[in-house]
Amino acid sequence: MGKLIIVSNRLPITVGSVIKKSSGGLVSALSGVSTDTKMIWIGWPGTFSSNSDNSAKLKETLINDFDCYPIFLSKKEVSDHYHGFSNACLWPALHYFSLHIHYSSRFWDSYVNINRKFAEYIAENAEDDDLVWIHDYHLFLVPQMLREMKPNIKIGFFLHTPFPSFEVFRCLPHREEILKGLLGADLVGFHTYGYLRHFRRSCLRLLNIESDIAHVLVGKRFCKLGVFPIGIDSGLFLKELGTKKFIKRRNELKKAYANYKVVLSVERVDYTKGILRRLEAIEKFLYHHKHKLDVAFVFIGIPTRGEVKEYKELLGQIQKKVGEINGQYSNIEYTPIHFIHKTIPLSDLCALYSIADVAMITPLIDGMNLVAKEYLACKTDSTGVLLLSEFAGAAHELISAILVNPYDIDNVTKNLENALLMDDAEKDQRLIPMRSHVLRYDANHWAQTFLDELKQSRKRIKQQNNTNLKFISEKVLNLIKKAKKVAFFIDYDGTLREFEDTPDKATPTKEILKIISELARCRNHEVFIISGRKEADLQKWFKGVNVTLIAEHGYSILLPKSDKWQMTNPEIDLSWKKKVIKILSQYVSTPQGTSIEEKKSAVVWHYRQADPEFGKWKSQQLLGNLLEILTSENVVVSQGNHIVEVSSSQINKGFAVRHFMQKNNYDLIVCAGDDKTDESMFQINDPRIISIKIGLNQTFAKYKILSPALFKGFLAKVAKRGNI
Ligand code: GDG
Numbered sequence: 080m081g082k083l084i085i086v087s088n089r090l091p092i093t094v095g096s097v098i099k100k101s102s103g104g105l106v107s108a109l110s111g112v113s114t115d116t117k118m119i120w121i122g123w124p125g126t127f128s129s130n131s132d133n134s135a136k137l138k139e140t141l142i143n144d145f146d147c148y149p150i151f152l153s154k155k156e157v158s159d160h161y162h163g164f165s166n167a168c169l170w171p172a173l174h175y176f177s178l179h180i181h182y183s184s185r186f187w188d189s190y191v192n193i194n195r196k197f198a199e200y201i202a203e204n205a206e207d208d209d210l211v212w213i214h215d216y217h218l219f220l221v222p223q224m225l226r227e228m229k230p231n232i233k234i235g236f237f238l239h240t241p242f243p244s245f246e247v248f249r250c251l252p253h254r255e256e257i258l259k260g261l262l263g264a265d266l267v268g269f270h271t272y273g274y275l276r277h278f279r280r281s282c283l284r285l286l287n288i289e290s291d292i293a294h295v296l297v298g299k300r301f302c303k304l305g306v307f308p309i310g311i312d313s314g315l316f317l318k319e320l321g322t323k324k325f326i327k328r329r330n331e332l333k334k335a336y337a338n339y340k341v342v343l344s345v346e347r348v349d350y351t352k353g354i355l356r357r358l359e360a361i362e363k364f365l366y367h368h369k370h371k372l373d374v375a376f377v378f379i380g381i382p383t384r385g386e387v388k389e390y391k392e393l394l395g396q397i398q399k400k401v402g403e404i405n406g407q408y409s410n411i412e413y414t415p416i417h418f419i420h421k422t423i424p425l426s427d428l429c430a431l432y433s434i435a436d437v438a439m440i441t442p443l444i445d446g447m448n449l450v451a452k453e454y455l456a457c458k459t460d461s462t463g464v465l466l467l468s469e470f471a472g473a474a475h476e477l478i479s480a481i482l483v484n485p486y487d488i489d490n491v492t493k494n495l496e497n498a499l500l501m502d503d504a505e506k507d508q509r510l511i512p513m514r515s516h517v518l519r520y521d522a523n524h525w526a527q528t529f530l531d532e533l534k535q536s537r538k539r540i541k542q543q544n545n546t547n548l549k550f551i552s553e554k555v556l557n558l559i560k561k562a563k564k565v566a567f568f569i570d571y572d573g574t575l576r577e578f579e580d581t582p583d584k585a586t587p588t589k590e591i592l593k594i595i596s597e598l599a600r601c602r603n604h605e606v607f608i609i610s611g612r613k614e615a616d617l618q619k620w621f622k623g624v625n626v627t628l629i630a631e632h633g634y635s636i637l638l639p640k641s642d643k644w645q646m647t648n649p650e651i652d653l654s655w656k657k658k659v660i661k662i663l664s665q666y667v668s669t670p671q672g673t674s675i676e677e678k679k680s681a682v683v684w685h686y687r688q689a690d691p692e693f694g695k696w697k698s699q700q701l702l703g704n705l706l707e708i709l710t711s712e713n714v715v716v717s718q719g720n721h722i723v724e725v726s727s728s729q730i731n732k733g734f735a736v737r738h739f740m741q742k743n744n745y746d747l748i749v750c751a752g753d754d755k756t757d758e759s760m761f762q763i764n765d766p767r768i769i770s771i772k773i774g775l776n777q778t779f780a781k782y783k784i785l786s787p788a789l790f791k792g793f794l795a796k797v798a799k800r801g802n803i
């Protein structure tokens, strides 16, 4: 493996009179990983340089002394990309605050430009065997841009925020571009399975891309999805707990708060963190306990994103509310809320974690929330209680915390009381297993598992492509070449041609016609297009191509150079069609986007344009309904790709293939298709058959090829090697 390239919006350094490397978070998560691999970091250094000489000098120092490769940005670029599109548009959307979304095309243009700048700079510094790991929502477009510049490089992406439900994600302008950008990665990681599920659904709804739980098929390759809950830099915290500075501060704070129980909150002053609602719960608590005021509420509120309107307003509202509560409940010796609007040194933070009786962490939504985990790590004497919002990603892991709904103020107040009254035995029972979980699954573990998966995922994809293609190209290609007479029965939609949102748009491309013509040109080949399509469509599309057309799953046949369709089974009974159309008609008003197609030997209900989940659900109902009514008819009810089809049981693709096999003496018969209706060909028990499934689903076919694009590649190879 080559080097590891970490990409984040900000470099982990602070440039001042001296340059300081930041500690914590990602940096230490990666420290274990970087011992055996060279690691470089790409991002913005956080400064605006006044002239190019200074920039060049700074760049040299950052690269040589810190392995940090800086991307310099202007004030305007930072304003539009970082404060604008990233924090005023994406951040609220990702956190379900759709009313806070501020969009302008200027923000978006800048977002695209900066993402491109990042991608270009990565490409300049990356070799094919490097691993690139991109972080967070500021850089959603980089994976795809980089993939276009460096197709062979391994790209991972981790999202530190939630991924919202489709209903909220769809509010974002450019939502399709954002998804496509992300799908450029080989691996996309989320904190929880819920976020992953939301991402998949958005891909399905907005890009019409199907996926299984862990993969999205993007053209010829997979984008793998995974859940990697981030952990804390436990080493950093445990080390701090052993320092003299920490012990001194803890003793001082213990003394200062000797007469009080301490309830601690730590967060950036962000509307997602639920600070105002928490203050309401505290106000209620103080009201109920006004005769015995012995609880001190310490709020560490880190200044953040002051350039964005909602953040400025929020700070004002918090300050006002804290003022009101303190005005109401303070006395000469006691002030209930200590609101500290600045960052504090790590030793102070650890000392506060250590003495706090309760950590009150009640975000309205939070990707993970590291503060909850840090609090547990610093509780060496097991005397704390974690009061945690069920809407923080951390709640999925820290299940013995007191979990609360931050919107239910009365309940939060009640649980705060419970937390303060909890006996030591229960505190131990809850805290000890959570603490050991946090220490075990720390940031290092997180980074290691993500990177292992990234390396693996690429390997597996290679293996998968190889086992499919190599096997077919080595063995099967030779067999085909040697055979005296080979028949190719090739399905059309989803096999040769990718799906479109309406079937009439899926006409054959020039590439398809070229490949099929070349395949049919070979002396030992006989080519059949075998489809569920109507006669007229196939005839129009493949006019002049030397192939036999088989329409409606084997109902009729058109030989090359002929104009006259022949029925494969003239005795066919089609009296059931009327009854079926009547049933299907009940399913075309809801869901919307469904339609009925009448063919000669079949009737089809399409739901490709409907809500995919609603459509699927309705299709199950329809299937049940049809099976109940049509028991004694000569029909087969089948489910295909966004369709339910009722066709004659006296016809299927398998019968049609047999029909030709009986008449001809083929050495080999290649049957290829993507759909359930193709399985009747794959089930023919004959050693001469080479059956190929296009796609991921279960099949009777011997071989699988992942996509129409790859299958066309295979056919082109066969044609090239064929005897003309
Ligand atoms: C995003 C996601 C996700 C805070 N005050 C001080 C201080 N801190 C440190 C804490 C903690 C970090 O800041 C805050 O991390 P969180 O995870 O709580 O929240 P976000 O900043 O919103 O982070 C979040 C995270 O990314 C990681 O993926 O968990 O959901 O929103 O480490 O210790 N550190 C010091 N002084 C302070 O005053 N030294």
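Numbering (my numbering), first residue to last: 80 to 803.
Heads up, the beta-carbon is just placed ideally off N, CA and C, and yes, glycines get one too.
Since this is a predicted model, take the numbers as computed values, not measurements.
8 Å Cβ cutoff met for residue i and residue j
{"i": "residue 725", "j": "residue 659", "result": "yes"}
{"i": "residue 442", "j": "residue 382", "result": "no"}
{"i": "residue 555", "j": "residue 596", "result": "no"}
{"i": "residue 633", "j": "residue 732", "result": "yes"}
{"i": "residue 447", "j": "residue 308", "result": "yes"}
{"i": "residue 631", "j": "residue 678", "result": "yes"}
{"i": "residue 197", "j": "residue 150", "result": "yes"}
{"i": "residue 253", "j": "residue 187", "result": "yes"}
{"i": "residue 594", "j": "residue 798", "result": "yes"}
{"i": "residue 349", "j": "residue 573", "result": "no"}
{"i": "residue 164", "j": "residue 184", "result": "no"}
{"i": "residue 364", "j": "residue 418", "result": "no"}
{"i": "residue 746", "j": "residue 562", "result": "yes"}
{"i": "residue 147", "j": "residue 92", "result": "yes"}
{"i": "residue 214", "j": "residue 94", "result": "no"}
{"i": "residue 221", "j": "residue 192", "result": "no"}
{"i": "residue 223", "j": "residue 260", "result": "yes"}
{"i": "residue 688", "j": "residue 586", "result": "no"}
{"i": "residue 662", "j": "residue 705", "result": "yes"}
{"i": "residue 714", "j": "residue 727", "result": "yes"}
{"i": "residue 257", "j": "residue 266", "result": "no"}
Proximity test, residue i beta-carbon vs the ligand GDG heavy atom, cut-off 7 Å
{"i": "residue 88", "result": "no"}
{"i": "residue 448", "result": "yes"}
{"i": "residue 453", "result": "yes"}
{"i": "residue 428", "result": "yes"}
{"i": "residue 422", "result": "yes"}
{"i": "residue 240", "result": "yes"}
{"i": "residue 85", "result": "no"}
{"i": "residue 381", "result": "yes"}
Three-state secondary structure (DSSP) of residue i
{"i": "residue 468", "result": "strand"}
{"i": "residue 576", "result": "strand"}
{"i": "residue 269", "result": "strand"}
{"i": "residue 202", "result": "helix"}
{"i": "residue 539", "result": "Because the pLDDT of residue 539 is 49, which lies under 50, any placement of that residue in the model is unreliable, and the number read from its coordinates should be weighed accordingly. Here residue 539 sits in helix by DSSP."}
{"i": "residue 100", "result": "strand"}
{"i": "residue 289", "result": "coil"}
{"i": "residue 440", "result": "strand"}
{"i": "residue 613", "result": "coil"}
{"i": "residue 140", "result": "helix"}
{"i": "residue 710", "result": "coil"}
{"i": "residue 303", "result": "strand"}
{"i": "residue 503", "result": "helix"}
{"i": "residue 762", "result": "coil"}
{"i": "residue 224", "result": "helix"}
{"i": "residue 671", "result": "coil"}
{"i": "residue 548", "result": "Any reading at residue 548 must be qualified, since the residue scores a pLDDT of 45, below 50, and its modelled position is unreliable; the value itself is stated next. Three-state DSSP puts residue 548 in a helix."}
{"i": "residue 410", "result": "coil"}
{"i": "residue 346", "result": "strand"}
- Segment contact, 8 Å Cβ cut-off, at least three pairs: the segment 334-347 with the segment 423-442: yes
- Touching by the beta-carbon criterion (3+ pairs, under 8 Å), the segment 463-472 and the segment 506-524: yes
- Query: Hey, is the segment 356-376 in contact with the segment 396-408, meaning 3+ C-beta pairs nearer than 8 Å?
  - Reply: yes
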